[in-house]
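For reference, the structure is listed below as structure tokens.
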Amino acid sequence: MKTTTKAHKQALQKLIMIGKEQGYLTYAEINDILPEDLLTQEQVEPIVTILEELDIAVSDTVPDADTLVVESGAKAQSTSAEAAIAALAALDSEFGRTTDPVRMYMREMGVVDLLEQSDEVRIAKEIEAGVFEIMQAITLYPAITDFFFKAHTRLEEGKCKMTDVIIGYQGDAEDFAKKKAAFDAGEFDDDEEYEEMEEMEYTGPDEAQVYGRFETVLKCSGAYQKTNEKHGFRNKKTISARQQLSKGLSDLRLAPKLVSTMMEVICDRVAMMKKQEKAIQKACLYAGMEREQFFKLFTDNETNFDWLKGAKLDKKVAEKLKISKDEIYYAQKNLLGYEDEMQLTVPELK
0 MKTTTKAHKQ ALQKLIMIGK EQGYLTYAEI NDILPEDLLT QEQVEPIVTI LEELDIAVSD
60 TVPDADTLVV ESGAKAQSTS AEAAIAALAA LDSEFGRTTD PVRMYMREMG VVDLLEQSDE
120 VRIAKEIEAG VFEIMQAITL YPAITDFFFK AHTRLEEGKC KMTDVIIGYQ GDAEDFAKKK
180 AAFDAGEFDD DEEYEEMEEM EYTGPDEAQV YGRFETVLKC SGAYQKTNEK HGFRNKKTIS
240 ARQQLSKGLS DLRLAPKLVS TMMEVICDRV AMMKKQEKAI QKACLYAGME REQFFKLFTD
300 NETNFDWLKG AKLDKKVAEK LKISKDEIYY AQKNLLGYED EMQLTVPELK
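For the sequence shown, numbering that gives the first Met the number 0 assigns the number 0 to the initial residue and increments by one for each residue that follows.
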């Protein structure tokens, strides 16, 4: 008889708790605790490996007290200084490679304390909020949305999988944590809904719903483009349309690789922008301008070529700035080019 996912997790949790308490486990205890479908050689070997990584000795017989003291002492010396490195290395080696629920769950059990149900929901909320803030920030860059639409086109052409583009919606993790907490508390009579939630978490969202949300984003994009062509990207109407597009995209949980590519583009543009700003700052400070005065004059005037007109400058400073006039002009011209390319002002890019 096939054991449910919930039963698997409960058995593994019990195994770890007993092992932590005793400092060891025998193979007989493992056989007694684990359900039959987890007792194959392929399943038991990784379980034993991870138990040993958690400083739980596994043997055929109960080890004597002296052996336990020696082994625990040696492990304490070897693992205390390298615990963080070992945990990260273990996670790195598993990321993107293992889909074995036993190994994934055991690994997680070893690096975090057991959570109360309320903690699971709270953490899920915090993760969702953080992801949403990041998405709102990066999707305000109109040029970045091109990456999403290119990925969408590849999906329609069958050149990639759904989970290469989107892995869910905002709120999925929180809803799942609430349902899981309710199930673990015994509020459901059977395992069917729990199993369905497990499937949803690992296989991604419903494709029909995804395409419906894609259509909403496409409409927002069309509205933004029309407004931008008519009024320009600095207009309030265009900014409002851009925010609507950002919201539509932010409601989707895009695939990590896609988000990472978007972030790389943004970071590259921001770095180029800062390079030009530093060149202007360096020229002004070299001329003798006070740092505070520079920031007061230059902030929000990054692409205003007349930003120094009317400024109360020391005569020596003004004379030296004439030498760097062309350097400052071309740096500002580059900043203006970045604004046109990204369809955002320099303050917005920051």
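C-beta: ideal position from N, C-alpha, C; glycine also. Computed from a prediction, not measured in an experiment: that's the story for all the values here.
Close Cβ partners of residue i (< 8 Å) along its chain, the five nearest in sequence each way excluded
{"i": "Asn30", "result": "Leu38"}
{"i": "Leu334", "result": "Met272, Gln275, Glu276, Glu301, Thr302, Val345"}
{"i": "Gln243", "result": "Cys219, Ala222, Tyr223"}
{"i": "Cys159", "result": "Ala150, Arg153"}
{"i": "Glu228", "result": "none"}
Assigned secondary structure, residue i (DSSP; H/G/I helix, E/B strand, else coil)
{"i": "Tyr140", "result": "coil"}
{"i": "Ile238", "result": "helix"}
{"i": "Arg290", "result": "helix"}
{"i": "Arg252", "result": "strand"}
{"i": "Leu307", "result": "coil"}
{"i": "Thr162", "result": "helix"}
{"i": "Thr298", "result": "coil"}
{"i": "Leu38", "result": "coil"}
{"i": "Thr152", "result": "helix"}
{"i": "Leu53", "result": "coil"}
{"i": "Thr344", "result": "coil"}
{"i": "Leu257", "result": "helix"}
{"i": "Leu33", "result": "coil"}
{"i": "Val269", "result": "helix"}
{"i": "Val47", "result": "helix"}
{"i": "Gly336", "result": "helix"}
{"i": "Gly18", "result": "helix"}
{"i": "Asp145", "result": "helix"}
{"i": "Asp325", "result": "helix"}
{"i": "Gly247", "result": "helix"}
{"i": "Val61", "result": "coil"}
C-alpha gap between residue i and residue j, whole angstroms
{"i": "Asp352", "j": "Met16", "result": "Lying before the first or after the last residue shown, residue 352 is absent from the chain, which here runs from 0 to 349."}
{"i": "Met103", "j": "Tyr23", "result": "For Met103, the pLDDT reaches just 49, beneath the cut-off of 50, and the residue's location in the model is therefore unreliable, leaving the point undetermined."}
{"i": "Met261", "j": "Glu44", "result": "40 Å"}
{"i": "Val57", "j": "Arg252", "result": "41 Å"}
{"i": "Phe213", "j": "Ile55", "result": "49 Å"}
{"i": "Asn303", "j": "Lys295", "result": "14 Å"}
{"i": "Leu257", "j": "Val164", "result": "7 Å"}
{"i": "Leu320", "j": "Thr215", "result": "51 Å"}
{"i": "Tyr337", "j": "Asp325", "result": "19 Å"}
{"i": "Lys74", "j": "Glu263", "result": "Per-residue confidence for Lys74 stands at a pLDDT of 46, beneath the threshold of 50, marking its modelled position as unreliable; the derived number appears in the next sentence. One C-alpha to the other measures close to 41 Å."}
{"i": "Glu35", "j": "Gln42", "result": "11 Å"}
{"i": "Thr48", "j": "Asp339", "result": "56 Å"}
{"i": "Tyr329", "j": "Asp305", "result": "13 Å"}
{"i": "Gly18", "j": "Gln12", "result": "10 Å"}
{"i": "Glu28", "j": "Leu53", "result": "17 Å"}
{"i": "Tyr285", "j": "Gly309", "result": "20 Å"}
{"i": "Glu352", "j": "Glu206", "result": "Nothing can be reported for residue 352: it is not among the residues displayed for the chain, which extend from 0 to 349."}
{"i": "Ser259", "j": "Ala278", "result": "29 Å"}
{"i": "Leu14", "j": "Glu51", "result": "12 Å"}
{"i": "Val269", "j": "Leu307", "result": "24 Å"}
For residue i, the first and last residue of its enclosing beta strand (DSSP E)
{"i": "Ser58", "result": "56-58"}
{"i": "Leu24", "result": "23-25"}
Residues of its chain near residue i, where Cβ-Cβ distance is below 6 Å and the 5 sequence neighbours each way are ignored
{"i": "Leu33", "result": "Ala10"}
{"i": "Asp99", "result": "Residue confidence is low: Asp99 scores 47 on pLDDT, short of 50, so the model does not pin down where it sits. Its coordinate-derived value is still stated next. Excluding positions up to five away in sequence, the list is empty."}
{"i": "Glu291", "result": "none"}
{"i": "Thr226", "result": "Lys236, Thr237, Ala240"}
{"i": "Asp267", "result": "none"}
Continuous alpha helix (DSSP H) stretch holding residue i: start and end
{"i": "Leu217", "result": "206-230"}
{"i": "Leu320", "result": "314-322"}
Residue closest to residue i, alpha-carbon to alpha-carbon, out of the options
{"i": "Ala254", "options": "Ile143, Val47, Phe147", "result": "Phe147"}
{"i": "Pro346", "options": "Met272, Trp306, Lys281, Cys159", "result": "Met272"}
{"i": "Gln208", "options": "Asp250, Glu52, Cys219", "result": "Asp250"}
{"i": "Gln280", "options": "Gln331, Ala6, Asp267, Lys235", "result": "Gln331"}
{"i": "Lys8", "options": "Ile46, Thr138, Tyr26", "result": "Ile46"}
{"i": "Tyr352", "options": "Thr226, His151, Leu244, Ile265", "result": "Since the first residue of the chain shown is 0 and the last is 349, residue 352 is not available in this structure."}
{"i": "Ile322", "options": "Ala310, Ile265, Ala282", "result": "Ala282"}
{"i": "Leu312", "options": "Ile327, Tyr328, Tyr329, Gly287", "result": "Gly287"}
{"i": "Val61", "options": "Glu51, Glu52, Gln21, Leu50", "result": "Gln21"}
{"i": "Ile265", "options": "Leu348, Lys158, Glu52", "result": "Leu348"}
{"i": "Tyr26", "options": "Ala6, Lys149, Asp59", "result": "Asp59"}
{"i": "Tyr289", "options": "Glu156, Asn234, Glu206, Ala317", "result": "Note on residue identity: the sequence assigns Glu, not Tyr, to residue 289. It is Ala317 whose Cα lies nearest to the Cα of Glu289."}
{"i": "Phe297", "options": "Glu51, Leu14, Ile327", "result": "Ile327"}
Beta-carbon contacts of residue i that lie in its chain and below 7 Å, excluding the five residues immediately before and after
{"i": "Leu154", "result": "Met161, Val164"}
{"i": "His230", "result": "Lys236, Thr237"}
{"i": "Leu248", "result": "Met134, Thr138, Thr144, Phe147, Val216"}
{"i": "Lys315", "result": "Gly287"}
{"i": "Asp299", "result": "Pro346"}
{"i": "Phe293", "result": "Gln280, Cys283, Leu284"}
{"i": "Ala6", "result": "Pro34"}
{"i": "Asn234", "result": "none"}
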